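To start, the structure itself, in structure tokens.
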Amino acid sequence: MTLSGSRPEWLSFDCYGTLIQWDEGLLAAVDEVLAGKDRSIDRDAFIAVYDRHEHRLEAERPHRTFKDVSATALALAMGEFSLETSAGDADILTSSISRMPPFPEVVATLARLKAAGFKLAIISNTDDAIIAGNVAQLGGSIDRVITAEQAGAYKPTTQIFQHAWRELGVEKEQLVHICASPHLDLAAARERGFRTIWVDRGTGRKPLADYVPNETVGRLDEVPGLLSAAGWME
Numbered sequence: 006m007t008l009s010g011s012r013p014e015w016l017s018f019d020c021y022g023t024l025i026q027w028d029e030g031l032l033a034a035v036d037e038v039l040a041g042k043d044r045s046i047d048r049d050a051f052i053a054v055y056d057r058h059e060h061r062l063e064a065e066r067p068h069r070t071f072k073d074v075s076a077t078a079l080a081l082a083m084g085e086f087s088l089e090t091s092a093g094d095a096d097i098l099t100s101s102i103s104r105m106p107p108f109p110e111v112v113a114t115l116a117r118l119k120a121a122g123f124k125l126a127i128i129s130n131t132d133d134a135i136i137a138g139n140v141a142q143l144g145g146s147i148d149r150v151i152t153a154e155q156a157g158a159y160k161p162t163t164q165i166f167q168h169a170w171r172e173l174g175v176e177k178e179q180l181v182h183i184c185a186s187p188h189l190d191l192a193a194a195r196e197r198g199f200r201t202i203w204v205d206r207g208t209g210r211k212p213l214a215d216y217v218p219n220e221t222v223g224r225l226d227e228v229p230g231l232l233s234a235a236g237w238m239e
């Protein structure tokens, strides 16, 4: 698949892992949480357990804020590893998320896309208060931030994307979504049929077997070249 059709009015982005260094930041946050506890625990194994609980909680109804989801998932993961939790553990995690920095090429690339006339939005599985610290590091190029808190639902559900499109005032054909998450964003694209650019940052995460994104890049600064090739920017 390749990018084709009408020039999109909006470019939307997943935040964590696409614009913001999620994996690196989460490892650092887990290190801080586990400091003073049993440091023989494998961090990757711990994060895998945390992720399992996080995704399950995000799918439950009624909707929970991400602050609640992350705190509960962290406590459940700690319990599986027979670790005692302290009152500040969840705060360490959420405050660490807010401080996670962008990938090195992101700010300049967003500015270039903005200068080319695209409107830029973030669609993210988080709360407004948590993502505010990340957006503040993106150079002022983001026009709208749509969160799971606003939509009352998490990706990959239809609800959050339909909410985002209503808020942006567009149909799915007027937008290209740029993301790093196969099991959330690309899964939604498979179901809803919107155009995507997948940012494969070498994490080992792969697209679903029955879905091929319109384009794949290794870094965000490869996106302008794709849009130029499609005839959408100089």
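Numbering (this note's numbering), first residue to last: 6 to 239. The C-beta atom is built at its ideal place from N, Cα and C for all residues, glycine as well. These figures come from a predicted structure and were not determined experimentally.
Distances from the alpha-carbon of E89 to those of L143, A40 and D132 put A40 closest. The three-state secondary structure of W237, taken from DSSP, is coil.
Residue pairing from DSSP leaves V74 without any beta-bridge partner. Burial of P13 is indicated by the presence of at least 16 other C-beta atoms within 10 angstroms of its C-beta.
For I127, the uninterrupted beta strand (DSSP E) run begins and ends at K124 to S129, by DSSP. The beta carbon of T221 sits closer than 6 Å to those of W203 and D205, all from its chain and outside the five residues before and after it, given in chain order. Between the stretch 178-188 and the stretch 15-28, the count of C-beta pairs closer than 8 Å reaches three or more; the two stretches touch. The Cβ atoms of I52 and L31 sit closer than 9 Å to each other. The beta carbon of M105 sits closer than 7 Å to the beta carbons of I25, Q26, W27, G30 and N139 from its chain, once the five residues preceding and following it are set aside; these are given in chain order. The beta carbon of H68 lies closer than 7 Å to those of G157 and A158 in the same chain, with the five residues before and after it left out. Listed in chain order, the non-local C-beta contacts of R48 below 8 Å within the same chain comprise L32, V35, D36 and L39, local neighbours out to five positions each way being set aside.
In the structure shown, Y55 falls within a helical segment according to DSSP collapsed to helix, strand and coil. Beyond the five residues adjoining it in sequence on each side, G198 comes within less than 7 Å, by CB distance, of K177 in the same chain, given in chain order. Within its own chain, the residues whose Cβ lies closer than 7 Å to the Cβ of L62, once the five positions on either side in sequence are excluded, are R69, V74, T77 and A78, listed in chain order.
Taking the Cβ atoms as the reference, Y55 lies roughly 18 Å from A92, outside the contact range of under 8 Å.
Every alpha helix (DSSP H) stretch that sits fully inside the stretch 85-149 and reaches 4 residues is listed by chain position as 94-104, 111-120 and 133-140.
Boundaries of the alpha helix (DSSP H) around H168: T163 to L173. DSSP places L8 in the coil class of the three-state scheme, outside both helix and strand.
Here F18 has L24, I127 and I183 as same chain residues with Cβ atoms under 6 Å from its own Cβ, once five neighbours each way along the sequence are excluded. When rounded, the separation of the alpha-carbon atoms in Q142 and F108 is 11 Å.
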